[in-house]
Amino acid sequence: MAISDLLILCAAGMLVTAYLMVGQKALVTAVRLYGFQSLLLGIVAATIAISQPRRELFVTAAITVALKAVLIPWFLTRLIDRIGIRREIEPFLNVPTSLLVCLGLTVVGYRVSTGFQEGALGVAHHLIGVALSMLLIGLFLMVTRKKAITQILALLTVENAVFLVAVGITPGMPLVVELGIAFDVILAVLVLGILVHRIVDRFESMDVSRLSKLKG
Amino acid sequence: MNLLVWTLAVPLATAAIGALNGPRKFKEAVMIGGLAITFVLCIATTRQFLGGAIPAAFGEALRVDGLSALVVVLSGFVGLLSGTYAVGYLRRNEARNLVTPRMRREIHGLLPAYVFATLLVSMTNNLGIMWIAVELTTLASVFLITFHDRDTSLEAAWKFLVLGSLGLGFALLGIVLLFAAGEEHLGEGLSALNWTRFMQVAPSLHPFTLRLGVVFALIGYGTKAGLAPMHTWKPDAYREAPSPAGVLMAVGMLNGALYCVLRIHLISNAALGPAFSGDLLLTLGLLSVFIATPFILVQWNLKRLLAYSSIEHVGIMAVGIGLGGEAGAFGALLHMTYHSLAKPVAFFSAGTLAQLHSSSNFDRIGTGTVSRAPIASGLLVLATLMITGSPPFGLFFSEMVILKAGFGSQHVTATTLFLAALIVLFCGFVFQIGRLVLGPPRDPKDRRVPKAEQFDLSMATVIVAAILASISAFYLPASLLALIHAATQVVWGTA
């Protein structure tokens with residue numbers, strides 16, 4: 001299998017996990033899907049690192065897998081266990097409609113991606129198409145779901161999309177910056193986790209649609 | 001060691017010591033002392049810049065030009081004010097047994113950390129480090145917003161964090177795309193993300209990728225600055241955060257985020273011409289001013305009122321930058337300076353009233369505060385005149401400069417609407433504060449007796465801030481004016 005095929009396959013896999021997340025109500029499964037999505041992102045980075053060859057991308061791949069495929073999913077799973085809320089309730093839009101909307105978003109993402117210059121491997125178009133679609137799907141999840149955990153996963157999906165663009169079409173972000181960003185992401189997830197805890201303690205629910213006292 | 005490194009190390013060390021438990025007097029001394037030294041170091045940095053050098057460190061990863069120097073000195077000033085007020089704020093609450101060790105750690109640790117992050121934003125030349133620093137301010141603010149641990153503060157913090165992280169995700173994508181637009185021109189290593197490097201290679205950036213990157217980055221940092229329609233976190237966060245933290249958000253974060261917006265705008269200017277990002281900023285700025293108007297007219301909470309005023313002001317600055325030209329840039333930066341001087345007075349006097357009445361809701365404070373808290377009410381009226389841009393105060397002049405730039409450009413209709421909105425905003429704000437301060441006094445039979453006003457450290461801070469802001473209307477120190485001109489040169493000279 002050619003390198004570019006492998007890249008496109010992994011990118012497509014990431015898009016599929018995003019779709020499955022939209023169709024999924026069990027929170028633990030959604031977290032696992034996110035972990036798998038991050039693993040695929042790590043494979044994309046490692047593949048580019050081997051084929052280009054760009055050594056520093058191995059570090060990116062390692063950070064991605066360690067942090068986003070293992071550590072963050074583990075943390076979120078533990079959070080779900082602790083608070084004992086396992087399922088997303090009926091979203092503002094039902095699942096079939098949501099999937100149709102996401103299909104439309106993918107078309108938009110791919111349309112925009114045609115404006116980019118092709119990268120060295122000639123797959124930049126696909127990678128960016130997938131990344132922009134995931135970005136839009138992440139935003140969509142954010143506005144239609146009610147559980148705090150799903151909103152965190154939506155944020156993380158957006159973040160994965162950004163990293164797919166970063167490994168896909170840039171000549172590699174400086175390592176210091178990448179480490180800083182990774183550190184910030186883990187910190188943000190921790191802070192979000194603490195907030196979820198406090199919200200559950202206070203409202204006995206992590207339904208963020210109940211957070212609606214502040215208006216005007 | 002380099003001056004810039006010291007300027008960053010001192011607030012960081014202050015934060016580290018403040019986050020530990022310790023005797024109260026010691027912690028208070030550390031915070032005020034640390035932030036005072038930081039301010040002095042900020043002034044020293046700007047002196048060095050005005051002396052003709054471009055202070056830099058770590059191979060230009062830190063670099064202070066005119067624009068940075070202006071934001072640095074404003075951040076240092078507000079940091080010191082906020083730290084001093086915070087000590088008094090905690091003392092007041094302690095007298096009512098409202099302070100837990102957690103609160104003390106949070107205030108003493110997070111305020112200096114916040115100052116550190118805003119200084120890092122404005123000192124770094126590297127777009128990646130800039131992003132990391134902005135994210136740090138976001139994370140630091142979360143625990144300041146949940147400070148009082150009420151239902152509403154959790155709601156505000158959640159909205160703030162989710163919206164803020166999303167905005168920062170957009171900003172990160174913007175930076176990645178800008179970097180991708182550079183292809184091989186930017187080189188390798190940390191310096192590849194340097195702003196100065198981008199400016200050097202601007203003409204050879206890939207236009208489509210750059211455009212998309214600029215839009216994402218401006219929307220992302222615009223969210224942090226509180227430009228409409230991404231402003232919705234602001235009223236909630238300002239209401240819930242304790243006043244000293246509110247000031248850091250309303251001035252420190254606002255200046256920092258606007259600084260990021262400016263840097264991106266300048267790259268776009270150099271590569272695509274002024275129209276592209278300028279028009280986007282003009283639109284967002286006008287939208288912010290228009291959206292703030294109705295909410296100020298119907299507002300029910302004093303701190304939310306200030307939040308909408310802050311949305312208005314960031315809108316005015318964005319309009320100034322968007323109109324472009326030397327006058328627009330000068331107006332926006334002058335506005336930033338005067339706003340940084342006036343906003344703390346408004347926040348602290350409003351905070352004092354809120355603390356005396358244990359709430360910032362208008363119905364809980366009740367009308368006629370002048371009879372209960374004459375000093376705080378007087379200062380609030382003074383601050384109102386300042387931040388609504390009444391003559392003779394500084395914001396009047398900066399708004400005039402921006403309006404003049406607007407009527408001299410091709411955007412005459414937009415400027416006319418802008419002027420109309422400013423007038424309505426002025427009337428609305430003065431009406432709200434006037435009713436609060438001068439309305440009929442509360443029913444004497446009302447049992448919720450507020451605390452009596454006292455002259456303490458917080459009050460002294462407000463008075464000093466008010467005196468400085470009043471003097472600035474008539475006399476700006478020559479070095480500060482030189483700094484504003486230098487910053488204008490960065491914005492205009494490279495356009």
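The listed protein sequences derive, respectively, from chains A and B.
The first sequence begins at 1 in the numbering used here and counts up one residue at a time.
The second sequence begins at 1 in the numbering used here and counts up one residue at a time.
Note that beta-carbon positions come from the ideal geometry of N, C-alpha and C, so glycine has one too.
Beta-carbon spacing of L483/B, A69/B below 7 Å:
Yes. Within cutoff.
With a threshold of 16 other CB atoms inside 10 Å of the CB of Q200/B, please say whether the residue is buried or exposed.
By the beta-carbon neighbour count (other beta carbons within 10 angstroms, threshold 16), Q200/B is exposed.
Skipping 5 residues on each side, what residues in its chain have a beta carbon closer than 7 Å to that of W492/B?
Taking C-beta separations shorter than 7 Å and ignoring five residues to either side along the sequence, the partners of W492/B in its chain run E326, A329, following chain order.
Nearest by alpha-carbon distance to M249/B: which of L50/B, I311/B, T388/B, L210/B is it?
For M249/B, the nearest C-alpha among the options comes from I311/B.
From G129/A, N94/A, P96/A, pick the residue whose C-alpha is nearest to that of G111/A; which is it?
Inspection of the sequence shows that residue 111/A is occupied by Arg rather than by Gly. Nearest of G129/A, N94/A, P96/A to R111/A, Cα basis: G129/A.
is_contact[A69/A, chain B] using C-beta, thresh 7 Å
Cβ-Cβ to chain B under 7 Å: no for A69/A.
Supposed contact pair F348/B and L302/B - C-beta distance, whole angstroms, cut 8 Å:
Incorrect: roughly 12 Å between the Cβ atoms, too far for contact.
Where do the ends of the alpha helix (DSSP H) carrying W195/B lie?
From DSSP, the alpha helix (DSSP H) with W195/B extends over 195-201.
Taking DSSP as the reference, what is the three-state secondary structure of D65/B?
Correct three-state label for D65/B: coil.
Against chain B, which members of the stretch 49-73 of chain A pass a CB distance test of less than 7 Å?
Listed by position, the residues of the stretch 49-73 of chain A near chain B (Cβ gap below 7 Å) amount to none.
Proximity test, Cβ basis, 7 Å: D456/B and chain A:
D456/B does not count as touching chain A.
Among residues of its own chain, excluding the 5 on either side of T514/B, which ones have a beta-carbon nearer than 7 Å to its beta-carbon?
The requested residue 514/B does not occur in the structure, where chain B is confined to residues 1 to 495.
Note down, in chain order, every chain A residue with its Cβ under 7 Å from the Cβ of A69/B.
In chain order: nothing, as chain A lies at least about 24 Å away.
Alpha carbons only, please: which of F276/B, D456/B, R239/B, A466/B is nearest the one belonging to V215/B?
Taking only the C-alpha atoms, the option nearest V215/B is F276/B.
DSSP state of D207/A, grouped into three classes?
Note: D207/A maps to strand in three-state DSSP.
Please determine whether the Cβ atom of A245/B lies at a distance below 6 Å from any heavy atom of the ligand SAH.
Among the components modelled here there is no ligand, and therefore nothing to report on the ligand SAH.
Leaving aside the five residues before and after P101/B along the sequence, list all residues of the same chain whose C-beta is less than 7 Å from its C-beta, in chain order.
N21.
C-beta atoms of T124/B and S75/B nearer than 7 Å:
No, Cβ-Cβ distance for T124/B and S75/B is not below 7 Å.
Three-way DSSP call (helix, strand, coil) for T146/B in this model:
In the displayed model, T146/B falls within coil according to three-state DSSP, outside both helix and strand.
So does the stretch 87-98 of chain B actually touch the stretch 279-291 of chain B, counting three or more Cβ pairs closer than 8 Å?
Segments in contact, no.
Could you list which residues in chain A have their beta carbon closer than 7 Å to that of G189/B, in chain order?
Within chain A, the residues near G189/B are P174.
Using only alpha-carbon positions, find the residue among F26/B, L272/B, D236/B that is nearest to R104/B.
Comparing Cα-Cα distances from R104/B to each of F26/B, L272/B, D236/B, the minimum goes to F26/B.
Chain-ordered chain A contacts of I129/B [CB-CB under 9 Å]
Residues of chain A whose Cβ lies closer than 9 Å to the Cβ of I129/B are, in chain order, V176, V177, G180.
For the structure I just gave you, are there three or more beta carbon pairs, one from the stretch 137-154 of chain B and one from the stretch 166-179 of chain A, closer than 8 Å?
Result no; under three Cβ-Cβ pairs closer than 8 Å.
Whole alpha helix (DSSP H) elements within the stretch 12-88 of chain A, 4-residue minimum:
Listed in chain order, the complete alpha helix (DSSP H) runs (minimum 4 residues) inside the stretch 12-88 of chain A are 27-51, 56-63, 72-83.
Where the alpha helix (DSSP H) through N97/B begins and ends
That residue, N97/B, is in no alpha helix (DSSP H); it is neither H nor E in DSSP.
Say whether chain B places a C-beta atom closer than 7 Å to the C-beta of D184/A.
Cβ-Cβ to chain B under 7 Å: yes for D184/A.
Exposure of P235/B, with buried meaning 16 or more beta-carbon neighbours within 10 Å:
In this structure P235/B is buried. Its beta-carbon is surrounded by 16 or more other beta-carbon atoms within 10 angstroms.
Would you mind sorting T223/B into buried or exposed? The rule is 16 or more other CB atoms within 10 Å of its CB.
Around the beta-carbon of T223/B, 16 or more other beta-carbon atoms lie within 10 Å, marking it buried.
Can you list, in chain order, the stretches of the alpha helix (DSSP H) that have 4 or more residues and sit fully within the stretch 246-285 of chain B?
Complete alpha helix (DSSP H) runs here, min 4: 254-272.
Could you check whether the Cβ of G325/B sits closer than 7 Å to any Cβ belonging to chain A?
With respect to chain A, the C-beta atom of G325/B has no partner C-beta closer than 7 Å.
Sequence ranges, alpha helix (DSSP H) only - wholly within the stretch 447-473 of chain B, length at least 4
Qualifying alpha helix (DSSP H) stretches: none in this window.
Start and end of the alpha helix (DSSP H) containing T7/B?
Counting along the chain, T7/B sits inside the alpha helix (DSSP H) bounded by residues 3-18.
If we count Cβ pairs, one from each stretch, closer than 8 Å, do we get three or more for the stretch 65-75 of chain A versus the stretch 184-192 of chain A?
Contact between the stretch 65-75 of chain A and the stretch 184-192 of chain A is present: 3 or more CB-CB pairs across the two stretches fall below 8 Å.
Per-residue DSSP class, three states only, for K234/B:
K234/B falls in the helix class under three-state DSSP.
Just to confirm before moving on: does the CB-CB distance between A202/B and A271/B stay below 7 Å?
With contacts defined by Cβ atoms closer than 7 Å, A202/B and A271/B form a contacting pair.
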